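Everything below concerns the one structure shown next.
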Amino acid sequence: MKYKSVMVTGRGSTDMLKIVEHDKRAPLAGEARVKILAVGVCQDDIAARVGNRPFLPKIPFAPGYAIIGDIEAVGEGVTNVQAGDRVGALTKLGGYAEYIYWMSDKLVPAPPDLDPAKAVTLILNYLVAYQAMHRSVRVKAGDRVLIVGASGGVGTAFLDLGRLAGLTVYGTASKNKHRALMEMGAVPIDYHKQDFIEEIRLAEPAGLDYVFNGMGGDYLRRGVAVLRRGGQLVHYGAPESFSGFLGLLAAFAWYNLLPNGKAIRGYGTHRVNQRLLVEDWRTLFALLGQRKIQPVIAGKFPILEAARANELLESGKVTGNVVLLSPELL
């Protein structure tokens, strides 16, 4: 039997995304074969295809950073999951496919009553926001924060979780996305026409408690500028080049040495052990089940139409998440 995936066959546009057939095989020892129900489409997928990351996967590869699916079969020695279980996984690669083979100890049980399109947003985007706010730092009700890039999948997760935590939230986004930000409880700032340093200093003369930044360029410097003494900036975005990676490390060292009482922290999912990932996914699944969080879904596409989904995300017109789904869920 065969199954299909969407593979990157060269660096460049979505023309490099091709549908490829593979032989369906039995899982190896320790593996599970997972029928994929939902895949999140994220900026890292695009960056890996285009080539603007310092450490790139070898071509060909299937993008797909996070999945929700049902286990179809397990290999020898697998006891923690079984056929029929619904699971999630932070795959980083391989999600643009009808099936994936994944080590069973890297899977997390997912409640089967949750909408897979919404549940998959928790595996990466909500995880980043939750851990940045509650692991990297410890936000508390009444804290005042800025979300740089508040309209994307991670940005709207910050807004949703920030509202739940009782934060006063400012968010940067283009003007046409301000209504959506206000509906999620944030004070929007137009990054095209407004200087957020000036806007924040007018609104919060004492400075902010935290800035959460996933953008490159001079956002580190500008984010630090709006912090109060004792405030912290959490940077979670990957640099676009190796020189950018080195520059980011230098910036971290420089700003943390300045005698201004402010600090920068870095966050990446690769730094978090599986136990904490599972713990926080369970928390997020519970919040979704209780309808305390509501992921924003901007677009849904069949898995094998990943090129269209990538084009939508690259258009810059998205507020929230873009997801790929197994055809029976559409």
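All residue numbers for the sequence shown refer to my numbering, where the first residue is 562 and numbers rise by one.
A virtual CB, placed ideally from N, CA and C, is assigned to each residue, including glycine.
All of these numbers come straight from a predicted model, not from anything done at the bench.
Rounded to whole angstroms, how far is the Cβ of Ser665 from the Cβ of Ala593, which I believe are closer than 8 Å?
Contact holds; Cβ gap of about 5 Å.
Pull up the distance between the alpha-carbon of Leu742 and that of Ala711, whole angstroms please.
Going by the C-alpha atoms only, they are around 8 Å apart.
Please report the distance separating the alpha-carbon of Gly877 from that of Arg843.
Between the C-alpha atoms of Gly877 and Arg843 there is a straight-line separation of about 31 Å.
Put Tyr660 into one of helix, strand or coil per three-state DSSP.
Of the three classes helix, strand and coil, the one that applies to Tyr660 here is strand, per DSSP.
On the three-state DSSP scale, how would you describe Val785?
Helix.
List in chain order: all unbroken alpha helix (DSSP H) runs of 4+ residues lying wholly within the segment 584-658.
If we require 4 residues or more, the alpha helix (DSSP H) runs fully inside the segment 584-658 come out as 604-611.
Please tell me whether, using a cut-off of 8 Å, the distance from the CB of Phe719 to the nearest non-hydrogen atom of the ligand GDP is below it.
What this structure holds is no ligand at all, so the ligand GDP is not there to describe.
Helix or strand or just coil, what does DSSP make of Asn737?
In the displayed model, Asn737 falls within a helix according to three-state DSSP.
Rounded distance between the beta-carbons of Arg614 and Arg572, thought under 8 Å
No, Arg572 and Arg614 are not in contact; Cβ-Cβ is about 11 Å, not under 8 Å.
In whole angstroms, what is the alpha-carbon distance linking Thr640 and Tyr660?
Rounded to the nearest angstrom, the two C-alpha atoms are 20 Å apart.
Under 9 Å between the Cβ atoms of Gly775 and Gly798?
Cβ distance < 9 Å, so Gly775 and Gly798 count as in contact.
On the three-state DSSP scale, how would you describe Leu848?
Helix, per DSSP.
Run of the beta strand (DSSP E) containing Leu707, from where it starts to where it stops
It spans Arg705 to Val709 - the beta strand (DSSP E) in which Leu707 sits, taken as one unbroken run.
Residues bridged to Tyr731 [DSSP beta-bridge criterion]:
Bridge partners of Tyr731: Leu707 and Val748.
Rounded to whole angstroms, what is the Cα-Cα separation between Gly822 and Leu794?
A direct Cα-to-Cα measurement between Gly822 and Leu794 gives close to 12 Å.
Close Cβ partners of Ala767 (< 6 Å) along its chain, the five nearest in sequence each way excluded:
Scanning its chain for C-beta atoms nearer than 6 Å, with the 5 sequence neighbours on each side dropped, one finds around Ala767 the residues Arg789, in chain order.
Identify the residues that DSSP records as bridge partners of Glu858: which are they?
Sequence inspection shows Ile at residue 858; the Glu mentioned does not correspond to that position. DSSP lists Asn882 as partners of Ile858.
Quick test of your reading: Gly645 and Asp631, contact by CB under 8 Å. State the CB separation rounded to the nearest angstrom.
Between Asp631 and Gly645 the Cβ distance is about 7 Å, and since that is below 8 Å, they are a contact.
So Val599 and Val681 are in contact, right, with Cβ under 8 Å, and what is the actual spacing, rounded?
Per the sequence shown, residue 599 should be read as Ala rather than Val. Going by Cβ atoms, the distance from Ala599 to Val681 rounds to 4 Å, so yes, they are a contact pair.
May I ask you to report which of helix, strand or coil DSSP gives Asn834?
Coil.
By Cβ distance below 8 Å, which residues in the same chain neighbour Arg826 in space, the five residues on each side in sequence not counted?
Taken in chain order, the residues that qualify are Ser697, Val698, Gln793, Leu794, Val795 and His796.
Applying the criterion that 16 or more other CB atoms from any shown protein chain within 10 Å of the CB defines a buried residue, is Lys579 buried or exposed?
Lys579 comes out exposed.
What are the residues that DSSP puts in a beta bridge with Phe773?
Residue pairing from DSSP places Phe773 in a beta bridge opposite Ile708 and Val795.
Applying the criterion that 16 or more other CB atoms from any shown protein chain within 10 Å of the CB defines a buried residue, is Ser574 buried or exposed?
When all chains shown are included, Ser574 counts as exposed.
If the criterion is Cβ atoms closer than 9 Å, does the pair Ala590 and Glu637 meet it?
Taking 9 Å as the Cβ cut-off, Ala590 and Glu637 qualify as a contacting pair.
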